[in-house]
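Structure record follows, encoded as structure tokens.
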Amino acid sequence: MRILLTGGAGFIGSALTRELLTRGHEVRVLDLLTYAGVAASLTELEADPAYSFVRADIADPLAVAAVFADFHPEAVAHLAAETHVDRSIDGPAVFVRTNVVGTQVLLDQALATWRGLSGDAAEAFRFLHVSTDEVFGSLGDEGRFSEASPYDPRSPYAASKAASDHLVRAWGHTFGLPVMISNCSNNYGARQFPEKLIPTMILRALRGDSLPVYGDGGNVRDWLFVEDHARALADILERGAPGRTYAVGGDAERTNLQLVHALCGVLDRLRPASDGGSHVERIQMVEDRPGHDRRYAIDAALIRAELGWTPQVDFDQGLERTVRWYLDNEAWWGPLVVDSQGLARLGRL
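Numbering (the numbering used here), first residue to last: 1232 to 1580.
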């Protein structure tokens, strides 16, 4: 299958690119290489004849049309997005442009391409939009999000992703485009941009900095190892049903404070603090993020039942693999945190 993958130089996108190539698909990555698009995440794939790359902006209709005309995709996996909640608080406009307008541009071009197909080719075409559980808002102490959960986005980032989800469904219902949506929980693993919680904590610990935890540290997230997520997305592309939404989660709920304590335990074994103490001693409770959702959790029963997908990497194993990757790959992350601002907090009002 020829798959056009937007955002393939990003964290989840680069993992999905690898997974699809391993399965024998032809993949063209479309990525603008903004600050979070790291070309080095794909360097090792350049020798694979089934892989190609084009630098382009998904919100540029002419550029997107040129990519479609040259590659003739049989499926689109749309992962290109602005994703960091704190940055969306500081500057919502770029989130609307990329996540909303960019999705509309891709949908228009995918629709034009699909309408030009016939027979089996038209029947097989797919547009997979990769979204987030944050569109559903915040849970209480009980329950989990599912495909039927109502939308209640709380941050500019979540609102932009909710809008793009609705656009995808509208192109499916109104125009008949064979679309699918996935909503995932928090991902972790190798090649995640350092602004996110886990890599930020690892790299701050390596520098001997404080480890800031928002609020009381009781915010809960369901953690999903990125390679498990990539397998889920590949399964959806290969066997998912048009019109379906699939919720993808890791069944690994942790409070942020529990997560940071677990990270410190791994780091104490693999890279002890220079002063001989525990990294835990550097945890610092700080002012909470504005509008910080309290709890997310995913019920992945549908994708388990329909596609037979289950997470294969348990949380403790995945966390150690993640820490080891950052310890072994300073050449990847070093240029991204070249000064003290590289791990600084964003999203203050």
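Glycine included, each C-beta is placed from N, C-alpha and C at the ideal position.
Status (buried if at least 16 other CB within 10 Å, exposed otherwise) for residue i
i	result
E1250	buried
V1544	buried
D1559	exposed
A1300	exposed
Y1266	exposed
A1278	exposed
E1561	exposed
E1313	buried
Sub-9 Å separation of residue i and residue j beta-carbons
i	j	result
L1370	S1413	no
E1365	G1420	no
Y1557	L1434	yes
A1429	V1479	Here residue 1429 turns out to be Ile, not Ala, going by the sequence shown. Going by C-beta atoms, I1429 is not nearer than 9 Å to V1479.
G1241	L1310	yes
L1273	G1239	yes
L1442	R1513	yes
P1409	P1473	yes
V1517	V1444	yes
A1306	L1348	no
R1520	G1446	yes
L1538	A1436	no
R1487	G1448	Correcting the residue type first, residue 1487 is Asn in the shown sequence and not Arg. Yes; because the gap between Cβ atoms is below 9 Å, this pair is in contact.
V1336	M1432	no
L1236	T1253	no
T1344	I1289	no
Host alpha helix (DSSP H) of residue i (start-end)
i	result
A1341	1333–1346
T1237	Taken as a continuous stretch (DSSP letters only), T1237 belongs to no alpha helix (DSSP H), being part of the beta strand (DSSP E) at 1233–1237.
Nearest residue (CA-CA) to residue i, options the options
i	options	result
D1547	N1450, P1443, V1451, L1455	L1455
Y1282	Q1335, R1259, W1402	R1259
E1373	A1278, R1452, L1338	R1452
H1598	T1265, A1296, S1319	The structure shown does not extend to residue 1598, since the chain spans only 1232 to 1580, so no value can be given for it.
S1391	R1475, C1415, T1363, S1416	T1363
G1439	S1505, R1422, F1424	S1505
F1424	A1393, Y1527, W1563	W1563
Residue span of the beta strand (DSSP E) that contains residue i, given as start and end
i	result
H1309	1306–1309
F1302	Unbroken run through F1302 is the alpha helix (DSSP H), 1292–1302; no beta strand (DSSP E).
Y1595	In this structure the chain extends from 1232 to 1580, so residue 1595 is not present and cannot be described.
I1243	Taken as a continuous stretch (DSSP letters only), I1243 belongs to no beta strand (DSSP E), being part of the alpha helix (DSSP H) at 1242–1253.
R1259	1257–1262
message: Quick check on the DSSP output: what are the complete beta strand (DSSP E) runs of length 3 or more inside the stretch 1424–1468, in order along the chain?
response: 1442–1445, 1451–1456
field: Inside the stretch 1353–1420 only - beta strand (DSSP E) runs reaching at least 3 residues
entry: 1357–1363, 1410–1415, 1417–1419
message: To test your reading of the DSSP string, which unbroken beta strand (DSSP E) runs of 3 or more residues are found completely within the stretch 1465–1544?
response: 1476–1479, 1484–1486, 1514–1517
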